[in-house]
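Data block below; observations after.
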Amino acid sequence: MKQLVDAKRFLYAPCLMTNLQPSEGEPHLQLCSKIFLDMFPTISPSQVKTSEIKRCCLFHYIKEDEVFDFRHYAIQILPMGIASSTSKLINNKVPDLGSYKDVSDFFKSEIPSESEVEDIPSAVSVNSVIKKKGKSINHQSKVKLFEIGPRLSLELIKVEDGMCNGTVLYHKYVTKTSEEKLEIQKKREKQRLLKKKRSEKQDENVKKKQLLKEEHRERCLKGMGIDAVSLKRKNTSEDILKEDSDHDDDYAYFKEEVGEEPEKDLFKKKQKDRSQYKRFSKKKKT
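Below you can see the structure in the form of structure tokens.
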């Protein structure tokens with residue numbers, strides 16, 4: 001089968017073709033059908049344009065093998081009744097005339113190629129409307145499929161609720177009785193409660209350690225004769241003085257290296273809200 005490569009085709013969403021129904025069959029097959037449908041956008045026949053249907057994806061479920069076959073095709077609409085030789089000239093392709101004595105032999109040749117023989121049984125006639133000079137012309141066209149790939153054979157092994165820690169809803173190779181399922185559910189619920197209890201206890205221990213740490217710090221400061229509130233204000237004042245010192249150092253370094261005064265906005269100080277800090281009035285020198 002010929003392969004048709006056209007990047008513009010991937011700008012349009014493909015249409016989905018499948019033999020699965022979301023409301024029919026076993027539960028795991030209904031789930032697979034729902035997943036496949038949600039992978040592609042919904043196409044409304046009354047709103048979509050036929051010119052925007054460029055690709056189709058096929059999901060075919062083989063019941064005997066329990067396998068999903070995936071195929072990906074490009075759709076091309078070609079006019080019917082036109083020979084391949086004429087089609088080559090219409091598409092601006094230069095044909096190989098080395099085996100013909102006359103150009104008429106090229107057009108009279110009725111021997112189809114190998115690919116054309118394969119496509120004849122799969123050709124489907126459709127009515128398409130082409131507008132030309134304000135008029136509508138009905139003519140017959142054929143739809144050809146060119147495989148793009150990839151070819152996939154998918155097999156459903158396991159369906160689980162959640163992410164690797166939930167209830168197993170379906171398993172192809174393992175079957176459990178009702179008693180075993182109930183026992184697993186009880187065990188999982190017990191583990192969940194134990195995990196929740198440990199998490200709550202851990203949070204409580206962290207809060208206790210933090211509280212003890214603060215109490216120990218206050219006792220140490222009190223024993224040293226230092227008030228915790230005053231120490232906090234002192235540290236804040238030191239940080240402010242350090243920022244002013246860094247700003248002056250940058251200003252002096254620039255002036256020394258460049259030889260001129262820096263611009264005003266070059267070493268602009270970051271404005272901070274100092275309303276929460278205690279303001280100190282400068283003492284006048286005597």
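In full-length UniProt numbering, the protein residues as written are 1 to 286.
Think of the CB as a built atom: it goes at the ideal place given N, C-alpha and C, for glycine as much as any other residue.
The structure displayed is predicted, hence computed values, not measured ones.
- Its chain contains ASP69 as the residues whose beta carbon lies nearer than 7 Å to that of ILE62, once the 5 sequence neighbours on both sides are disregarded; these appear in chain order.
- Considering only ASN165, GLU160, GLN76 and LEU154, the residue with the shortest C-alpha distance to LYS142 is GLN76.
- Look at GLU200 here: in three-state DSSP terms it is helix.
- Per DSSP, reduced to three states, the secondary structure at CYS164 is coil, with no helix or strand assignment.
- Straight-line measurement puts the Cα of SER99 at about 41 Å from the Cα of LEU58.
- In the structure shown, the three-state DSSP call for ARG55 is strand.
- Residue burial annotation: ARG217 is exposed, with fewer than 16 other C-beta atoms found within 10 angstroms of its C-beta.
- Proximity of the region 9-17 to the region 39-58 meets the contact definition, three or more beta-carbon pairs being nearer than 8 Å.
- DSSP, read as helix, strand or coil, puts ARG71 in strand.
- Under the three-state reduction of DSSP output, SER153 falls in the strand class.
- In this chain, LEU16 is not harboured by any alpha helix (DSSP H); it is covered by the beta strand (DSSP E) spanning 15-18.
- Residue environment: LYS195 is assigned as exposed (fewer than 16 neighbouring CB atoms within 10 Å of its CB, all protein chains considered).
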